[in-house]
Amino acid sequence: MSVLVTGGAGFIGRHLVTRLLSEGNRVYVVDDFSTGVRGLLPSHSRLTVLEADVIEPLSIPARVDRIFHLACPASPPHYQADPVRTFRTGVWGTFNVLELARATKARVLLASTSEVYGDPHQHPQRESYWGHVNPWGVRSCYDEGKRGGETLAHDFRLQYEVDVRVARIFNTYGPGMRLDDGRVISNFLYAAIHEEPLTIYGDGTQTRSFCYVDDLVSGLLALMEVPGAPEHPVNLGNPQEFTMNELAHQIDDLCGPQVRTHHRLPEDDPSQRRPDISLAQELLHWHPVVGLREGLGRTFDALRSTALSGPRRERS
Ligand code: NAD
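Read in order, the letters of the sequence shown are residues 1 to 316 in UniProt numbering.
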């Protein structure tokens, strides 16, 4: 098949592109390289890389059968650096991708996020939960941009019969993630590699669930190929839940005992996050297979050897 991946030079995108190529597909990547790295994409005769901004109408040199729409900065320091642009990427960018799909009859998968649940009052989070999102805060540009993108996906499906699938992706980690992305796993691994204290925000009892990137990519492919578009967004994540203190203990086990330092919680930081993945299990027969200990080990080894560190940025 011929497949377009927007945001294909980013962390998840590169893993997806590599898998698509290994399965024999022709792949087009559209990326503005704002957070993605062109040089980290594989060189391949079936891969074409196009520099473009999804905020502008898209033009692809050939017809594509599938579009994975991943283009959007995903980590807080990146999406908060230019919040207006982030919101436009979430809404305008998704509009342009859906217009392309409508014109070419390609099937689309939109990479949405668990952030659409905000600081949730329901736990674990099911797809039927409408969320608890602050529309007036530093995370709103990302959360509301993704919610707006979901609304467009819903309406293009209803109004124009575009075959669109929506993945609500929960925290994903693995080799190739940026050590400066400001998220907890990269912060902890950065600290361990550079022999700095692990920063715990708040009292460390807030929870997250972490999905290894290979598992996530399998889930994205399964959602794209399941016959008949699911009527609702589908959660993709690992339902194993850890407090930040527990995660820090896992880093101790992996890298040796680490010193801790404490900071106050950032604004609108969700207190708990865990996907209910019953829908993905039922519809896609998908569930994650890589546990945190194994995934952290693989990530640590890869990050230590490539040290994609860049300048240190604080979590916000
Ligand atoms: P990333 O920042 O590594 O990758 C995003 C890619 O999109 C980059 O290559 C970037 O250059 C590109 N991009 C950004 N704005 C663009 C624009 N306007 N036009 C063209 N390209 C643009 O992020 P990621 O972790 O790979 O996330 C990929 C997708 O998955 C995002 O849509 C994100 O919201 C979603 N997601 C990720 C996670 C996670 O834990 N990583 C969790 C939930 C959802």
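Glycine is no exception: its CB is placed at the ideal position from the N, C-alpha and C atoms.
- Query: How long is the line joining the alpha carbons of P311 and G182, rounded to whole angstroms?
  - Reply: Its pLDDT being 46, under 50, P311 is placed unreliably in this model, and the coordinates cannot settle the point.
- Task: Say yes only if the C-beta of P120 is nearer than 7 Å to one or more non-hydrogen atoms of ligand 1, and no if none qualify.
- Result: no
- Task: Mind checking which residues open and close the alpha helix (DSSP H) that includes S22?
- Result: 11-22
- Task: Answer with buried or exposed for V133, where buried requires no fewer than 16 other C-beta atoms within 10 angstroms of its C-beta.
- Result: buried
- Message: Taking the alpha-carbon of E23 as reference, which of L221, N187, D276, P77 has the nearest alpha-carbon?
- Response: L221
- To which residues does DSSP link H69 through a beta bridge? T6, L110
- Message: Given the structure, does T172 come close to ligand 1, in the sense that its CB is under 7 Å from one of the ligand's heavy atoms?
- Response: yes
- Query: Mind checking whether the beta-carbon of S140 lies closer than 7 Å to any heavy atom of ligand 1?
  - Reply: no
- Query: How many Å lie between V3 and R26 at the Cα?
  - Reply: 6 Å
- Message: According to DSSP, is R313 part of a helix, a strand, or is it coil?
- Response: In this prediction, R313 scores a pLDDT of 44, lower than 50, which makes its location untrustworthy; the coordinate-derived value is nonetheless stated afterwards. The answer is coil: DSSP assigns R313 none of H, G, I, E or B.
- Query: Just to confirm, does F87 get its C-beta within under 7 Å of one of the non-hydrogen atoms of ligand 3?
  - Reply: Ligand 3 is not among the ligands present in this structure, which contains only ligand 1.
- Query: Counting pairs of beta carbons, one from the region 142-159 and one from the region 71-87, are three or more of them closer than 8 Å?
  - Reply: yes
- Query: With DSSP run on the structure shown, which of helix, strand or coil describes A167?
  - Reply: strand
- Span separating the alpha-carbon of E314 from that of D253: Residue confidence is low: E314 scores 42 on pLDDT, short of 50, so the model does not pin down where it sits. Its coordinate-derived value is still stated next. Their Cα atoms are separated by approximately 24 Å.
- Any non-hydrogen atom of ligand 1 within 7 Å of V108 CB: no
- Query: Should V54 be listed as close to ligand 1, given that the test is whether its C-beta is under 7 Å from any heavy atom?
  - Reply: yes
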